[in-house]
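Undergrad: Just so we're aligned, residue 1 is where the sequence shown starts under UniProt numbering, counting upward by one.
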Amino acid sequence: MSQDEQLQQTAAETAAEQSAPQAEQTSADNEALVAQVESLEQALSEAKEQSLRAAAEAQNIRRRSEQDVEKAHKFALEKFARELLPVVDSLEKAVDALGEVSDAQREGVEMTFKLLMDSLQKFNIEQVDPRNETFDPQLHEAMTMVPNPDLPNNTVMDVLQKGFTLNGRLLRPAMVVVSTGGAAKKIDEKA
């Protein structure tokens, strides 16, 4: 083997030795890049998810604020309306008490009462008069229960004080007398 051949062989061996680590390094670099890309994709996915959550939360806050403002407008008269309810009760009792005493006085009180009730209705304040209806604990307050065989069980027999609602929300429950549907049946102890 000549010296040139030896040099060529040595150069080839050196080149082979140098290219093997470069191939290993290139493979390691590729794996590191792939891992980095996966990490960045995951971070991007998390950032998108956080962005969507933040947008949804902002929308929920906006919707709740709009509902709060709507309720504030709708029920702003609640305290004022509660203060008027005793006036309504007094006028209603006055109409009933006058009877046939004086047509002019009775007519004047009835007109005043009607004007007040019409004004209340303009602002969605409705009277609850549940006579002969089924007892509803959401709208009525039972003051007493009385046996009455002529009426079904849990029927409002008498209204002691009418209730009122504002835009469907209860201002004051109606105070009522409720039927129990007749006398309690006696148990036959001999049977």
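In this text, a Cβ means the ideal position worked out from N, Cα and C, and glycines have one as well.
Computed from a predicted structure; not experimentally measured.
Going by beta carbon distance, what residues of the same chain come within less than 8 Å of Asp136, once the five residues before and after it are set aside?
TA: Once the five neighbours on either side are set aside, the close Cβ partners of Asp136 are Pro130.
Undergrad: Of the residues Ala54, Pro173 and Val178, which one's Cα is nearest the Cα of Leu85?
TA: Of the listed residues, the one whose Cα sits closest to Leu85 is Pro173.
Undergrad: Considering just the uninterrupted stretch of the alpha helix (DSSP H) at Gln105, what are its terminal residues?
TA: Start and end: Asp103 to Lys122.
Undergrad: Going by alpha carbons, who is nearest to Pro152 out of Asp89, Glu57 and Asn132?
TA: That would be Asn132, whose Cα lies nearest to the Cα of Pro152.
Undergrad: Considering just the uninterrupted stretch of the beta strand (DSSP E) at Glu135, what are its terminal residues?
TA: In the sequence as presented, Glu is not what sits at residue 135; that position holds Phe. Segment: none, Phe135 is in no beta strand (DSSP E) and carries neither H nor E.
Undergrad: Which of the three DSSP states, helix, strand or coil, is assigned to Ala180?
TA: The sequence given here has Thr at residue 180, not Ala. Of the three classes helix, strand and coil, the one that applies to Thr180 here is coil, per DSSP.
Undergrad: To the nearest angstrom, how far is the alpha carbon of Ser39 from that of Lys48?
TA: Near 14 Å, if we compare the C-alpha coordinates of Lys48 and Ser39.
Undergrad: Check the DSSP bridge columns for His140 and list the partner residues they point to.
TA: In DSSP, His140 forms a bridge with Ala174.
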